[in-house]
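Let me begin by presenting the structure, written as structure tokens, before commenting on it.
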Amino acid sequence: MTPEELLRALADPERLSVAGALARGPRTVKALADDTGLPVARVRRHLSRLAAAGLARPQADRRTYALETQALRTAALEASPPREAGLALGAVDEEEEAVLRSYFRAGRLREIPARRSKRMIVLTRLALEFEPGVRYPEGEVNEVLKRFHADHASLRRHLVDEGFLSRERGVYWRSGGPVEV
721 MTPEELLRAL ADPERLSVAG ALARGPRTVK ALADDTGLPV ARVRRHLSRL
771 AAAGLARPQA DRRTYALETQ ALRTAALEAS PPREAGLALG AVDEEEEAVL
821 RSYFRAGRLR EIPARRSKRM IVLTRLALEF EPGVRYPEGE VNEVLKRFHA
871 DHASLRRHLV DEGFLSRERG VYWRSGGPVE V
């Protein structure tokens, strides 16, 4: 789901109020109707649209719905512009700045450097896109890396191989690189 499609799903004021009620925690259709003041049938229709957009999901009991925050997070990551290469690193030396300027154009990586020393500078920059202590499913890592280069699989592999990211059972977390304070 693209950020635009997600926003279209939330554009209706009634649907947005249903999503807002779900943000306070899982609710039954009846509880959502009470919270929003909408008829049960209309709440069901809005839940159906939110579920189709990946924003709501039924719980195991099939009567309770919960907000799917991962869809919001993914859309926000897709919609956010990549940070400027040199500026995101803070105080970098002239060599690093020159490498970043030569490999990044308009926030995108033109090519993956073949020389390891230059690749390490680029990977250090890309590692900043991942917050320390946060676990990311593989799909989310791919989406972040796709914003920089079409060959997201190679970037992901290099980040893991060089110790910037760690991986276990399809879940990744940042394990190296500088930390912004």
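Just so it is clear: in the sequence shown, position 36 is 756 by this note's numbering, and no numbers are missing. Cβ atoms here follow ideal geometry from the backbone N, Cα and C, with glycine treated the same way. A quick note: this is a predicted structure, and the numbers were derived from the prediction, not measured.
- DSSP, read as helix, strand or coil, puts Pro852 in strand.
- Looking at the DSSP output, Ala776 bridges to Leu787.
- In the DSSP annotation of this structure, the continuous segment of the alpha helix (DSSP H) that includes Val880 starts and ends at His872 to Asp881.
- DSSP places Ser886 inside the beta strand (DSSP E), whose first and last residues are Leu885 to Glu888.
- Ranked by Cα distance from Leu770, the first of Ala796, Pro759, Leu730 and Ser837 is Leu730.
- Between Tyr823 and Val842, the C-beta spacing is below 8 Å.
- It is roughly 11 Å from the alpha-carbon of Glu858 to the alpha-carbon of Arg877.
- CA-to-CA, the gap between Leu875 and Phe868 works out to about 9 Å.
- Asp871 and Arg894 have their alpha carbons spaced roughly 20 Å apart.
- Just measuring C-alpha positions, the residue of Val899, Thr844, Lys866 and Glu863 sitting nearest Val880 is Thr844.
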